[in-house]
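To start, the structure itself, in structure tokens.
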Amino acid sequence: MSDYNDLCKLKSHKLSTVIQQYPSGRFGLVGSMPAELCEKRTNSIGQEYHTSKTFDTEQSVIDALLNIGITNFQLANCKWYRPVV
Numbered sequence: 586m587s588d589y590n591d592l593c594k595l596k597s598h599k600l601s602t603v604i605q606q607y608p609s610g611r612f613g614l615v616g617s618m619p620a621e622l623c624e625k626r627t628n629s630i631g632q633e634y635h636t637s638k639t640f641d642t643e644q645s646v647i648d649a650l651l652n653i654g655i656t657n658f659q660l661a662n663c664k665w666y667r668p669v670v
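Following this note's numbering, the numbering of the sequence shown begins with 586 at its first residue and continues without gaps.
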């Protein structure tokens, strides 16, 4: 397992997964981000870092989280996700 995956695993015990709406209107994740929903980028001085993938709609983030088995997360409006039964 990579150091990044270890870090994600460590953070998952302390931080919540939260959907955030960016000023651009797109959505992403903050807090404990699953590695499957992160992407690697490089900054202007060549350092690599991981950041949330971005999505066009909040529903597409919800679907992505549910597809990898995450059901406990906070929505962009600060309410907790509750599946419709």
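No residue lacks a Cβ here, since even glycine has one placed at the ideal position from N, Cα and C. The structure displayed is predicted, hence computed values, not measured ones.
Which residue comes first and which comes last in the beta strand (DSSP E) that contains Q644?
Careful: Q644 lies outside any beta strand (DSSP E), inside the alpha helix (DSSP H) at 643-652.
Cβ neighbours of A661 in the same chain (closer than 7 Å, five flanking residues each side left out):
I604, Q605, Q606, F612, E643
What does DSSP give as the partner residues of T602 in its beta bridges?
G616
The beta strand (DSSP E) with E633 in it runs from where to where?
633-637
Supposed contact pair S637 and C623 - C-beta distance, whole angstroms, cut 8 Å:
6 Å
Is Q659 closer than 9 Å to S609 when the C-beta atoms are compared?
no
Strand pairing of T627, partner residues [DSSP]:
E633
Any Cβ of chain B within less than 9 Å of the Cβ of L600?
Chain labels in this structure do not include chain B; a single protein chain is all it has.
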